[in-house]
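Structure first, then comments.
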Amino acid sequence: MTAATPVTTTPPLVADKPSASKIAKKRLSSPWASLAAIVLAVLWTLPTFGLLVSSFRPERAIKTTGWWSFFSNPTLTLDNYRGVFGEDGGVNLASFFVNSLIICIPSVLIPVSLAALAAYAFAWMNFPGKNILFLVIFALQIVPLQVTLIPLLEIFVNIQLTGTFWTLWLSHSTFALPLAIYLLHNFMREIPSGLIEAARVDGAGHVSIFFKVLLPLLTPALAAFGIFQFLWVWNDLLVALVFAGGGDEVAPITLQLANLSGTRGTAWQLLSAGAFVSIIVPVTVFLLLQRYFVRGLLAGSVKG
Amino acid sequence: MFNTASTTPEKILQMLSALLLFAAVMGIILFIAGRFGGKKGDRVVAYLYLLPVLLLLTVGLVYPGLRTIYQSFFDAAGDAFIGFDNYGTIFSDPDQLTVLRNTVFWVVLTPFVATAIGLVYAILIDKSRFESFAKTLIFLPMSISFVAAGVIWKFMYEYRPDQGNVKQIGLINQLIVWFGGKPVQLLIESPLNSFLLIVVMIWIQAGFAMTILSAAIKAIPDDIIEAARLDGVNAWTMFRRITLPSVQPTVVVVLTTIGIGTLKVFDIVRTMTGGNFNTSVVANEFYRQTFNADNQGLGAALATLLFVLVIPIVWYNIRSLRQSEAS
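Listed in order, the protein sequences are those of chains Y and Z.
What the first sequence shows, in the working numbering, is residues 1 to 304, in sequence order.
What the second sequence shows, in the working numbering, is residues 305 to 631, in sequence order.
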């Protein structure tokens, strides 16, 4: 009997061995790994957190003590936010905030729609010059914006569009096209060709195939690129500086924040609140739609 | 409709009419496309779908690109042909050499450090209970503009003179003081300031590296990891022999993507130091020469240089992708 018991317990023992060693390994490496991860996470969050705390502290407190002293002597105020939105402070962020929205919406919708059409043509139609055209558009992704800005500005001057939103809508839309076409083309190729063939056999034209068959399947891809483009346009400074640098009428919020940082670099009560007003929209969009954003990133760089 | 809109209702009206105009153009394209059927119609419809895209790309990217390269061979005012003189200036003028040196620091340091941190973090939090929350924390800087990131870090680096009652308000200088040091003018001391600006870019890009690499790590087949575990492999060997070789192609893509992004960095430098105190980089110098120094020729040459520098990185990227697909 005593000899039989080890025999019956053998199978569980074997199954136990790896899991036991796994547990041992976890005990060895896990606390250090967790600690390292926590240290990194804190390091990454602290800078933003410090400015966020500061944006709610009174001006005098920000300028004479570090934000960490808030915890021993907490005083909260919304004055800084009133300051950046108020007309009398000269910052007037509300109007730049509106400008950013006005710039972003068409700059996302136009390239996404145009790229969807072009990607459809590349993915599902045959025409002479298809491969070479696709290669050229793919290669255009590497053109740095800097190369295009001055001649584009000259064109805008010639057709008298300077100082209007049109310069930003047109340039942001154009710059987005190569990546958008490439990404959407990749997504479209993944749709089984049987679906398209079946629709064609049923007598559907290109327009109805596009809207009835492809569009519903493409929604996640369009969302992924849309978020990508939205964050890019909202956060852009260079294009805005070149085309809207002159007047406050069309300048986005990033431009006003950059100006504030340049001309009133020590006005931390305005800078801290201004920075948070400018990041609230992209951070919200990002947190709500992170899933799509990550998918877009992965499609862009892992597949290559 | 094509004038400057100055009040909010005017702006909204202009945006709506622009969108309506765009919808009308799309409608016309789709309407014409709908008239064509069959295999022969395919060609017409394809070119029709591509027409707006090709028009925008030709006028907005191809022509301006070629024009800038052409302009880079002309003098400051853009009138007299001076051959390669602008490029000569970039590679001989002491100020321009500092710009080049800084750009090399940026492009070498940022991709490697950001990728290393992203990779380590992705491994550390892989399959942990708080994985998605931990990822969001590191990833969040990606959604912030470079301008806002610049403001956030300028506050970290803020300096107050070392006098009796004056307290530091920047965290880094406070740490220096707590450890018994004297506060440093972090953004003015060169070359320290350039490295401190690079930290900001690393802070932003590590999240990108982490996200992509985390997906690559998750794609490693479970049975390989399980087999290694059964062999009693320790954490370091696991990383060296299994994780790293499996994600290597992705590491290359991440490195080159961050490298290209870093080459064009402009906003951070402009927001934090304005390119002063020896911190300028090529992309910032392009802007300064074109708009502040009124040297169109040199500006165009700097933009062209950016273009030329991107090409080998992209070429390497495509080549290594081909290799990994072939194997």
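No residue lacks a Cβ here, since even glycine has one placed at the ideal position from N, Cα and C.
Check: Under 7 Å Cβ-Cβ, which residues of chain Y neighbour Pro356/Z?; Outcome: Leu114
Check: Please name the residue, chosen from Leu133/Y, Ser54/Y, Leu152/Y and Phe225/Y, that lies closest to Gly474/Z on a Cα-to-Cα basis.; Outcome: Ser54/Y
Check: Shortest alpha-carbon distance to Trp306/Y belongs to which of Ser321/Z, Tyr367/Z and Leu479/Z?; Outcome: Since the first and last residues shown for chain Y are 1 and 304, residue 306/Y lies out of range.
Check: Ignoring anything shorter than 4 residues or poking outside the segment 172 to 211 of chain Y, list the alpha helix (DSSP H) runs there in chain order.; Outcome: 193 to 201
Check: Considering only the alpha carbon of each residue, which of Trp169/Y, Arg291/Y and Tyr81/Y lies closest to Pro220/Y?; Outcome: Arg291/Y
Check: To which residues of the same chain is Thr162/Y closer than 6 Å at the C-beta, ignoring the five residues directly before and after it?; Outcome: Phe156
Check: Under 7 Å Cβ to Cβ from Thr254/Y, same chain only, skipping five residues before and after it: list those, please.; Outcome: Asn235, Asp236, Leu237, Ala240 and Ser278
Check: Does the beta carbon of Phe286/Y come closer than 9 Å to any beta carbon on chain Z?; Outcome: yes
Check: Ser21/Y by DSSP, collapsed to three states: which one?; Outcome: For Ser21/Y, the predicted model reports a pLDDT of 48, less than 50, meaning its position is unreliable; a value from the coordinates is still stated below. Of the three classes helix, strand and coil, the one that applies to Ser21/Y here is helix, per DSSP.
Check: Ends of the alpha helix (DSSP H) at Asn497/Z?; Outcome: Leu496 to Lys522
Check: With DSSP as the reference, label Phe570/Z as helix, strand or coil.; Outcome: coil
Check: Can you check which of these residues, Thr594/Z, Phe570/Z and Trp457/Z, is closest to Ser584/Z by C-alpha distance?; Outcome: Phe570/Z
Check: Between Val573/Z, Ile524/Z, Ile421/Z and Gln593/Z, which has its C-alpha nearest Ile506/Z's C-alpha?; Outcome: Ile421/Z
Check: Output needed for Phe286/Y: all residues of its chain with C-beta closer than 8 Å, excluding positions within five of it in sequence on either side, in chain order.; Outcome: Ile227, Leu231 and Phe293
Check: Under the rule that 16 or more other beta-carbon atoms within 10 Å means buried, what is Ser436/Z, buried or exposed?; Outcome: exposed
Check: Assign Glu197/Y to one of two classes, buried (16 or more other C-beta atoms within 10 Å of its C-beta) or exposed (fewer than that).; Outcome: exposed
Check: Going by beta-carbon coordinates alone, are Phe243/Y and Thr167/Y separated by less than 9 Å?; Outcome: yes
Check: Would a C-beta distance cut-off of 9 Å place Leu184/Y and Ala119/Y closer than the cut-off?; Outcome: yes
Check: Going along chain Y, which residues have a C-beta under 8 Å from Asp598/Z?; Outcome: Simply none; closest approach about 12 Å.
Check: Helix or strand or just coil, what does DSSP make of Phe378/Z?; Outcome: strand
Check: Grab the span of the alpha helix (DSSP H) containing Ala426/Z for me, first residue to last.; Outcome: Pro398 to Ile429
Check: Leaving out five residues on either side along the sequence, give the residues of the same chain with a beta carbon under 7 Å from the beta carbon of Val481/Z.; Outcome: Gln472 and Pro487
Check: So Gln229/Y is in the alpha helix (DSSP H); what residue range does that whole segment cover?; Outcome: Leu215 to Asn235
Check: What residue range is occupied by the uninterrupted alpha helix (DSSP H) comprising Pro151/Y?; Outcome: Leu145 to Asn158
Check: Compile a chain-ordered list of the residues in the segment 195 to 211 of chain Y whose CB is closer than 9 Å to at least one CB of chain Z.; Outcome: Gly203, Gly205, His206, Val207, Ser208, Phe210 and Phe211
Check: Indicate whether the contact test is met: 3 or more Cβ pairs, each with one atom in the segment 412 to 431 of chain Z and one in the segment 560 to 580 of chain Z, closer than 8 Å.; Outcome: yes
Check: Kindly say whether Val294/Y, judged by its beta-carbon, lies nearer than 9 Å to any beta-carbon of chain Z.; Outcome: yes
Check: Just the Cα atoms here: how many angstroms apart are Arg533/Z and Pro445/Z?; Outcome: 35 Å
Check: Going by the CB atoms, is the gap between Glu87/Y and Thr308/Z shorter than 9 Å?; Outcome: no
Check: Report buried or exposed for Trp124/Y, applying the criterion of at least 16 other Cβ atoms within 10 angstroms of its Cβ.; Outcome: buried
Check: Out of Leu214/Y, Ser113/Y and Ala176/Y, which one is the CA nearest neighbour of Gly194/Y?; Outcome: Leu214/Y
Check: Leaving out the 5 sequence neighbours to the left and right, which residues in its chain are closer than 8 Å to Gly468/Z when beta-carbon positions are compared?; Outcome: none
Check: Quick one, which residues of the segment 378 to 396 of chain Z are near chain Y if we go by CB-CB under 7 Å, in chain order?; Outcome: none
Check: Using the C-alpha atoms, what's the distance from Leu52/Y back to Val455/Z?; Outcome: 12 Å
Check: Name, in chain order, the residues that DSSP records as bridge partners for Phe388/Z.; Outcome: BP columns for Phe388/Z are empty, so no partner.
Check: Nearest to Gly369/Z by CA position, among Leu149/Y, Val84/Y and Ala267/Y, is which residue?; Outcome: Leu149/Y
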